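Under my numbering, the first residue of the sequence shown carries the number 6, and numbering increases by one thereafter.
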Amino acid sequence: MNDNEVPIGQHLSELRRRLAWSVIAVGVTTGLAFIFHKEILLLLMRPARGFAQVPNQAPIYTEMTEFIGTAMKVSLLAGFILALPFVMSQVVMFVAPGLSFSERRYLYSLIPLSLLAFLAGAAFGYRVLFPPAVNFLLTFGGDVATPFIRIGNYTNLMLTLLFWMGIVFETPLVAFFLAKIGVVTPSFLARNRRYAVVVAFVLGAIITPTFDPINQTIVALPIIVMYELGIWLAKLGYRGRGSSGELTIDTKGR
6 MNDNEVPIGQ HLSELRRRLA WSVIAVGVTT GLAFIFHKEI LLLLMRPARG FAQVPNQAPI
66 YTEMTEFIGT AMKVSLLAGF ILALPFVMSQ VVMFVAPGLS FSERRYLYSL IPLSLLAFLA
126 GAAFGYRVLF PPAVNFLLTF GGDVATPFIR IGNYTNLMLT LLFWMGIVFE TPLVAFFLAK
186 IGVVTPSFLA RNRRYAVVVA FVLGAIITPT FDPINQTIVA LPIIVMYELG IWLAKLGYRG
246 RGSSGELTID TKGR
């Protein structure tokens, strides 16, 4: 690492520059997404369609500013996803001077893979997790009250689930990279598997919008699968590091 040879002021200036370019990129893509906010919202509404419990099979809004606020929030998330490759490249370029050549090479190669993993996680949440959650929430109190679903509440639940499932699907790539640079070892990840299972169910209870243990289990299972995949990728990343002379941190016995 060459951090000690670079003044802290230069680091802060570089950080401000990278953040400024990232904010500009997100602003531009958010504006583009807002142009198509109706199409994006209609796409998000699909999992709730087909349920007789929803009048007109569409959410409602009860405040004058609720719909435009929802449209802006959805456009911001869509804009962030569109700008994600650029934002990640800015992060990589900021941290790259402190990494070795091989570490920078792997980090650059993981950018497109991490984007695909995030999109795969969001698609999994959209296609697999959210429909049964919507079904549970709409039928739970059907005999007592009529569900007039506010669009703000609906999109908040949807975006929260999609975002966190996208993050969860990044776990194997993070494990691979951390093992590659010697921060963790596959044996460390394997030894802590039981704690990962507990954390998975805790996250399942936090991420899922329902109190239904079935839906929470549906969320927890992909987290466990991603952790197990992360162990195997960590083995792949850790293999052959003995001759590279890089630092290895093994927390065995600690």
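Built from N, CA and C at the ideal position, the CB exists for glycine as well.
Just so we're clear, the structure is a prediction, and the values are computed from it rather than from any experiment.
Run of the alpha helix (DSSP H) containing residue i, from where it starts to where it stops
i	result
L48	42–50
Y131	Note, Y131: premise wrong, no alpha helix (DSSP H); not H, not E.
P64	Segment: none, P64 is in no alpha helix (DSSP H) and carries neither H nor E.
S94	71–100
L104	Looking at the DSSP string, L104 is not in any alpha helix (DSSP H), and its letter there is neither H nor E.
T222	218–243
Alpha carbon of residue i to alpha carbon of residue j, nearest angstrom
i	j	result
G243	V179	Reading off the sequence shown, one finds Tyr at residue 243, where the question assumed Gly. Taking the straight line joining both Cα atoms gives about 13 Å.
W26	I86	15 Å
V79	E44	11 Å
M170	Y131	9 Å
R155	E68	10 Å
G103	P218	45 Å
N286	V202	Summary: the structure shown does not reach residue 286, with the chain confined to residues 6 through 259, and so no result is reported for it.
L167	A184	27 Å
Y200	F129	24 Å
I5	I172	Because the chain here runs from 6 to 259, residue 5 falls outside it and cannot be looked at.
L208	Q15	39 Å
T144	S114	45 Å
K240	P52	38 Å
V97	L238	21 Å
E108	L48	39 Å
A88	L118	15 Å
I40	N197	47 Å
M6	Q95	Note that M6 has pLDDT 43, beneath the 50 cutoff, so the model's placement of it is unreliable and the number below is only indicative. Computed Cα separation, rounded: 19 Å.
T35	L46	14 Å
Residue from the options with nearest C-alpha to residue i
i	options	result
A150	M93, G157, L142	L142
L226	A210, F41, A239, K240	A210
L120	P177, L47, H42	P177
I116	A138, E175, T144	E175
L194	Q15, N161, E233, L164	E233
L37	R51, F106, L82	L82
M163	A127, S192, I172	A127
Y66	L241, F153, P137, L46	F153
M231	A125, F41, G32	A125
V28	M93, F123, V204	M93
G84	I228, V33, S192	V33
Own chain partners of residue i with C-beta closer than 8 Å, once the 5 adjacent residues on each side are dropped
i	result
F206	Q221, T222, A225
I254	With a pLDDT of only 41 at I254, under the threshold of 50, the placement of this residue in the model should not be trusted, and no figure is reported.
G258	Low local confidence applies: a pLDDT of 40 at G258 is under 50, so the model's placement there is unreliable, and no value is given.
F182	Y111, L112, L115, G242
Residues of its chain near residue i, where Cβ-Cβ distance is below 7 Å and the 5 sequence neighbours each way are ignored
i	result
F99	E19, L20, R23
F135	P52, M163, L166
Sequence-distant residues of its chain with Cβ nearer than 6 Å to residue i (five each side left out)
i	result
G157	E71, T75
F91	A30
N161	none
A101	R109
I13	none
- Message: What ranges does the alpha helix (DSSP H) occupy inside the stretch 141–202, keeping only unbroken runs of at least 4 residues that lie completely in it?
- Response: Taking only runs of at least 4 residues, the alpha helix (DSSP H) segments lying wholly in the stretch 141–202 are 156–173, 176–185, 191–196.
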